[in-house]
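Structure, as structure tokens:
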Amino acid sequence: MTRDALARSRDFDRRGAAWYMDRAVTLFVFVGGISAILFIVGIFAFIAREGFGFVFTEFDAGEFFGSIAWRPTSMIERTYGALALIVGTASITGLAMVVSIPFSLAAAVFIGEFARGRTRETLKVLVELLAAIPSVVWGFIGLSIMNPLIIDTFGVPIGLNVLNAGVILGLMAAPIMTTIAEDALKAVPDGYREAAEALGATRWQVIRKVVIPAARNGLVAAVLLGVGRGFGETMVVLMASGHAINLPDSVFDSVRALTATIAAELGETAVGSEHYQALFTLGILLFAVTFAINLTADVIVRGIRRKGR
Amino acid sequence: MTTAPMELFAGTPRNARDHRVEWLVRTLLGMMTALLIVPVVIVLALLVVRGGSAISWEFLTTPPVDGMTAGGILPALVGTVWLVAVALVASVPVGVAAAVYLSEYAPDNWLTRSINLAIINLAGVPSIVHALFGVGAFVLFFRFGTSILAASLTLAVMTLPVVIVSTRESLQAVPRAFREACWNMGATRWQTIRRIVLPNAVSGILTGIILEVSRTSGETAPIMFTGAAFFLPFLPQGVLDQTMAMSLHLFVIATQVPDAPDALPFGVALVLISMVLAMNALSIGFRIYVRGRKKW
Amino acid sequence: MVAGIAPNGAEASADAPPKVVVQNLTIRYGSHVALHGLDLSVRRNEILGIIGPAGSGKTSFLRALNRMDEFIPEMEVEGRITFDGRDIRRVRNVYALRSRIGVVFPLPVGLPLTVYENVALAPRLRGVRKGSELDEIVERCLRRAALWEEVKDRLDSLGSLLSGGQQQRLTIARALSQEPDLLLLDEFSIAVDPVTTMRIEDVLKELKHEMSIVLVTNLVQQARRLADRTAFFLTGEHVETSDTARIFSGIVKDPRTHDYIEGRFG
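Order-wise, the sequence lines are chains A, B and C.
So that you can map any letter, position 121 of the first sequence is 121 in our numbering, and since no number is skipped, the others follow by simple counting.
So that you can map any letter, position 50 of the second sequence is 1050 in our numbering, and since no number is skipped, the others follow by simple counting.
So that you can map any letter, position 183 of the third sequence is 2183 in our numbering, and since no number is skipped, the others follow by simple counting.
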């Protein structure tokens, strides 16, 4: 024996450099982990800090949610009716979902259940690349390509409207929804498929009666996250919706969205002014709604996981 | 919905009608998938056709002139590099640390669930809300002013989930048996992470970082009020300077400069999307390459 | 204490204080009790064989010795284990404790490092930096694990890509590279061919001059060939421990031991 056992057992009490290093790293990565919580709390705290001045003074829930008069810079009477902005956001997001839900679910089923081998890999890479296109480029496409296209096709005077922003937003949200939906389908154990196929069911029968019901929660979560994504998108609705305060009668009307209002007006307000605080109040609303959407999606997904166990 | 497969398919042998339906559904779904992809490919082709003529060496290496109706995009390109670089310096260490915590240390408790929920929300909060946060926190509270630092930190917070999620995934791909073998030899957790886990996850982490570069360079709303300027004829000298950026430059040219020649905004869009997609393709290619290399 | 430590080459001695003393050890996984009220000691320079059918708590016992409950969720350990007279729950540096205990589990784990680095890892962790010293340790450990001849020309290939039997011997080499004074082997021969098993068994007989060895085995004859004493576990109960020669000549305290050795169950 080269080393005396007694001497070595003294090491049991000695915490060397490795021990302290391990402790330090543990603390460091713990702080890193906690930081995500700190940031999300920080986001709320800082927008609330700037916006609460308005919420507790000028804010009138009846006007905010019931009036379409968003006149923060009026000389005569400033009003902060956000109804038109809410409706604008809702109409664009709604149309975007009409466009993207069927297509992205179809694409998810096709890629996840029908496509095989190289086709499947290629489609997955393409979808991933589509998801990477920056929103400002999508907005530019709405402005410079969709706009004239809509004017020519439908003979309307202006092509920057609900239709334009909705379709663009739909195309933009679709790849993300496709990816999440495909993940949900993939989470269905192969045993389910094999059992049904062994009974002589065709692939489509298996998908319709076994896979989709089993993946339902994940698919709902995918749709929800798509809604959240559309709801919070800024550059597309700023550039392609026409940015007019208006309750739309048809998809050819221009509208204005909550996000776009902040983006367009924040640069022109004085820090701490009523208008500035009102814009942060819109931010609080956006934060609250997306937080609720994400929370719901998370609860739904967690639901399937628990059932799966 | 919960009926057993037995009952669902009993007495439904594969017949000609089933096969026709199968073929029909398959074709329909395939066409819908194509409809999702093809228009975008056409649009991208249009960008190339209409913007290609604007692009030249001079376009990339000179600043805009004549009220941004002519000249190049150099300050915007350089500015985007600054913004991305500073954002990476801030977010990669924090993101990797968070991922290491979640993958290697975090017990299954309420705190870990809260962290995961916070990550989902960081990714889901609208970019304009991140912009408001950036203004409230970095520009005003920490007094960085509208600067590269403030804009990059805003971007860093926003894209933190990208780093965390991809790093965590690649850490978790390293089998647990390796860790236990190491711990059993008397290695500390950190020694195990440093010698076994991280070296085998580093390519996955790199993939995530490239993805973050791609995401960061395309973002517009978060930098609008925190550090990006409409027009600056000179290049930034430090992190407390303002800067132009490719994404905002596209927005400005497309919406605020009506007399710009048609090819100019298309050229800017083409350069921006090429940068973003090239980064993304690099990340995907790297991922496929890494997956093909078997280490266990 | 010092006088009690067996000098190099000494046979197992009942007089010297034991290497490990286990008192009233109970191990649970959630509500499942894997091992109940175990009292047992491991002497210096002996091979202690542990036999018993699957699910009798043999592996759990090894895990507790190395304080693996710290990273196995649900695993709870009660009772007292001393190592060189020290309560292992109370050592301030658990890593120092683990570094003196080598473990080999039935599923071989070649770390995704080169063959060389697999064996050099433990020496590096305890601060060996000199290349020549590392070379020497790597070669000695690989030779002892009967792997050197097969891998000496590809020390730079990945340990995790060796065959199952080679990975098992690599795992043994890695355990030896810790220079342990307690070696825990859990059914090491599962992934190894019979010839190699014999070679490793010969090595173990030599190794016991330098360390204590606990050999969990599902092969009763392996215990008979190697162990100085043999313990019989059955569904979490420690039935008995006795000199191997006695047990195998039919002198048992509990008839179940005899039945098991004779292959009547398990």
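Even glycine gets a Cβ: it sits at the ideal position worked out from N, Cα and C.
What you are looking at is a predicted structure, and each value in this text was computed from that prediction instead of being measured.
Delimiting residues of the beta strand (DSSP E) encompassing residue i
i	result
L2182/C	2182–2186
D2039/C	2032–2042
I2027/C	2020–2029
G2049/C	2047–2051
Residues that residue i bridges to, as DSSP identifies them
i	result
T2217/C	Per DSSP, none; premise fails for T2217/C.
H2238/C	F2233/C
A288/A	DSSP, once it has assigned bridges, lists no residue as partnering A288/A.
A1228/B	T1243/B
A1070/B	V1065/B
L2158/C	T2114/C
S250/A	In the DSSP output, where bridge partners are listed per residue, S250/A has none listed.
I1209/B	Paired residues: none, contrary to the question.
S2212/C	L2182/C
V255/A	G242/A
D2243/C	R2229/C
Contacts around residue i, its chain only, beta-carbon distance under 7 Å, and the 5 residues preceding and following it disregarded
i	result
L1250/B	P1265, V1268, A1269, L1272
A1260/B	M1068, T1069, I1253
P2112/C	L2158, S2160
F1059/B	G1072, I1073, G1267
V2138/C	Y2116, V2119, A2120
V1081/B	none
P2007/C	Residue placement at P2007/C is poorly supported in this model, since its pLDDT is 41, which falls under 50; the coordinates are not used for a value here.
Environment of residue i [buried if 16+ CB atoms lie within 10 Å]
i	result
K1294/B	exposed
Q2221/C	exposed
R2169/C	buried
A2175/C	buried
S1166/B	buried
S1127/B	buried
L171/A	buried
H1019/B	exposed
Q1191/B	buried
P2255/C	exposed
G2030/C	exposed
E128/A	buried
N1121/B	buried
W1023/B	exposed
First and last residue of the uninterrupted alpha helix (DSSP H) at residue i
i	result
T2082/C	From DSSP, T2082/C is part of no alpha helix (DSSP H) but of the beta strand (DSSP E) over 2075–2083.
G62/A	61–66
G267/A	Careful: G267/A lies outside any alpha helix (DSSP H) and carries neither H nor E.
N1121/B	1110–1124
T178/A	162–186
P2194/C	2194–2207
L1235/B	From DSSP, L1235/B is part of no alpha helix (DSSP H); its letter is neither H nor E.
Y1101/B	Y1101/B -> no alpha helix (DSSP H), and no H or E assigned at all.
A1150/B	1148–1172
K2058/C	2058–2065
R1020/B	1016–1051
W204/A	203–206
Beta-carbon proximity list for residue i, same chain, < 6 Å, skipping 5 on both sides
i	result
A1123/B	P1161
V87/A	L247
A82/A	F64
M2075/C	Y2029, D2069
Same chain, Cβ closer than 8 Å to residue i, neighbours up to 5 away in sequence not counted
i	result
P2018/C	S2041, V2042, R2043, R2044
Y1105/B	R1189
L1047/B	F1266, A1269, L1270, I1273
L1044/B	I1273
Q1172/B	S1103
Near the ligand GDP: residue i beta-carbon under 7 Å from a heavy atom
i	result
R1195/B	No copy of the ligand GDP occurs in the structure displayed, which carries no ligand at all.
Enumerated in chain order, which unbroken segments of the alpha helix (DSSP H) with a length of 4 residues or greater are wholly contained in the region 2086–2147 of chain C? 2094–2099, 2115–2125, 2131–2144
Let me know the beta strand (DSSP E) ranges lying completely inside the region 18–96 of chain A, each 3 residues or longer, listed in chain order. none
Can you list, in chain order, the stretches of the alpha helix (DSSP H) that have 4 or more residues and sit fully within the region 100–140 of chain A? 117–132
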